[in-house]
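Read in order, the letters of the sequence shown correspond to residues 1 to 259 in UniProt numbering.
Following: one structure in structure tokens, then a few remarks.
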Amino acid sequence: MSSTLEDTEGWLPLDGLQPGFEANRAAHSTALAGRELVLRMDSGARIWHGFTAERTRWELGEERGDDAYHLVEVDEELYYAQFQHEHDQGEAVSLVLDLRHGRTLAVQSRIGQAWQRPTVVTQEFHTGVIEGVPVSGEPPRPSTDLLGRRVLWSYSPQHHYEHIYLTEHWYTFLCHSGPEQGIADTDACAYYRIRPGIYLFAWREKVVPCAAVTVADHRLMRSHGALFGLAEDGTSTTHFTFGAHGRLLSNTVYPELRA
Numbered sequence: 001m002s003s004t005l006e007d008t009e010g011w012l013p014l015d016g017l018q019p020g021f022e023a024n025r026a027a028h029s030t031a032l033a034g035r036e037l038v039l040r041m042d043s044g045a046r047i048w049h050g051f052t053a054e055r056t057r058w059e060l061g062e063e064r065g066d067d068a069y070h071l072v073e074v075d076e077e078l079y080y081a082q083f084q085h086e087h088d089q090g091e092a093v094s095l096v097l098d099l100r101h102g103r104t105l106a107v108q109s110r111i112g113q114a115w116q117r118p119t120v121v122t123q124e125f126h127t128g129v130i131e132g133v134p135v136s137g138e139p140p141r142p143s144t145d146l147l148g149r150r151v152l153w154s155y156s157p158q159h160h161y162e163h164i165y166l167t168e169h170w171y172t173f174l175c176h177s178g179p180e181q182g183i184a185d186t187d188a189c190a191y192y193r194i195r196p197g198i199y200l201f202a203w204r205e206k207v208v209p210c211a212a213v214t215v216a217d218h219r220l221m222r223s224h225g226a227l228f229g230l231a232e233d234g235t236s237t238t239h240f241t242f243g244a245h246g247r248l249l250s251n252t253v254y255p256e257l258r259a
């Protein structure tokens, strides 16, 4: 990495970050193997998923696919699936499935052109319900609950990153140790409350052409996620899953200020 931290040309590409970053990833769950789920999204889309132990087949209108997936049980009857489309390497999906409350949240991450700004990777968020499962509780929705928190996330014994949740649309990261030690930036982000204490947090980086989607239980300080973006060659894609253990460093409560 460049000795001049302000020189972003020396920052690691996404595929350069991957080695060792997956150390704290939770084991893949086969809890959905043999199940079929139909997701009815608020947009009107209807998506069928059929799961085996390692793959999910899906149908959306005339579109069909069959992709390898990684699944984590975040909480009782709350699952988080992540996969990259094999027929379209430029798109990845992060899927929250709440089988207790009959609700779902899907995030579509899409790689654009390398020159695209403000970020190369864009994200769309879609909420809905799971057919055949009684719907209860509140739907996933944008949240400000995490604002003011500073959390140290450890992705491996070597990779430690501090997250500072600033506003509804921005957060700052600082790498304390690992191959990116010393670098920091403020990037665009989004927060969704899934269950009490459990949040989906997604960010889109502007220096490295990548984005991430995580689901974190802030009661247990355990996070699960995936990074997706362009590799160093600028044309091929990189998609990998990871996990982290967290430590709450501080929680700032801001006074009410009037303009």
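Where a beta carbon is used, it is the ideal one built from N, C-alpha and C, also for glycine.
- Counting along the chain, the unbroken alpha helix (DSSP H) around residue 16 starts and ends at 14-17.
- Taking the CA atoms as reference points, residue 80 sits about 19 Å from residue 21.
- For residue 102, the three-state secondary structure derived from DSSP is coil.
- Restricting attention to 187, 75 and 178, the CA atom closest to the CA of residue 168 is found in 187.
- Under a 10 Å Cβ-count criterion, residue 195 is classified as buried, with 16 or more other Cβ atoms of the shown protein chains found around its own Cβ.
- Contact fails between the stretch 107-123 and the stretch 140-148, because fewer than three Cβ pairs, one in each stretch, are under 8 Å apart.
- In the DSSP annotation of this structure, residue 11 is not part of any beta strand (DSSP E), being labelled neither H nor E.
- Boundaries of the beta strand (DSSP E) harbouring residue 194: 184-195, taken from the DSSP string.
- DSSP places residue 66 in the strand class (E or B) of the three-state scheme.
- Bridge pairing for residue 53: absent [DSSP].
- The three-state reading of DSSP puts residue 116 in coil, since its state is none of H, G, I, E or B.
- Within the same chain, 246 come within 6 Å of residue 221 by CB-CB distance, once the 5 residues on both sides are set aside.
- Closest in alpha carbon position to residue 110, among 185, 254 and 230, is 230.
- Apart from the 5 residues on each side of it in sequence, residue 49 sits with its Cβ closer than 6 Å to the Cβ of 37, 56 and 58 in its chain, given in chain order.
- Taken atom to atom, the span from the alpha-carbon of residue 106 to that of residue 125 is near 6 Å.
- Note: residue 142 is bridge-paired with 192 in the DSSP secondary-structure output.
- By alpha-carbon distance to residue 35, the top candidate from 112, 164, 61 and 130 is 130.
- Per the C-alpha coordinates, the member of 206, 66 and 163 positioned closest to residue 53 is 66.
- The residue from 173, 28 and 96 with its alpha-carbon nearest to that of residue 162 is 173.
- Between residue 82 and residue 226, the beta carbon gap of about 4 Å places them in contact (Cβ cut-off 8 Å).
- Within the same chain, Cβ atoms closer than 7 Å to the Cβ of residue 158 are found at 20, 177 and 178, the five residues on either side in sequence being excluded.
- Per DSSP, residue 125 is one residue of the beta strand (DSSP E) stretching across 121-130.
- Note on geometry: alpha-carbon atoms of residue 41 and residue 6 lie some 43 Å from one another.
- Using a Cβ distance threshold of 7 Å, residue 23 and residue 73 do not count as a contacting pair.
- Listed in chain order, the non-local C-beta contacts of residue 133 below 7 Å within the same chain comprise 99 and 102, local neighbours out to five positions each way being set aside.
- Around the beta carbon of residue 96, 16 or more other beta carbons sit within 10 angstroms, so the residue counts as buried.
- Taken in chain order, the complete beta strand (DSSP E) segments of 3 or more residues contained in the stretch 147-229 are 149-154, 160-165, 170-177, 184-195, 198-204 and 210-217.
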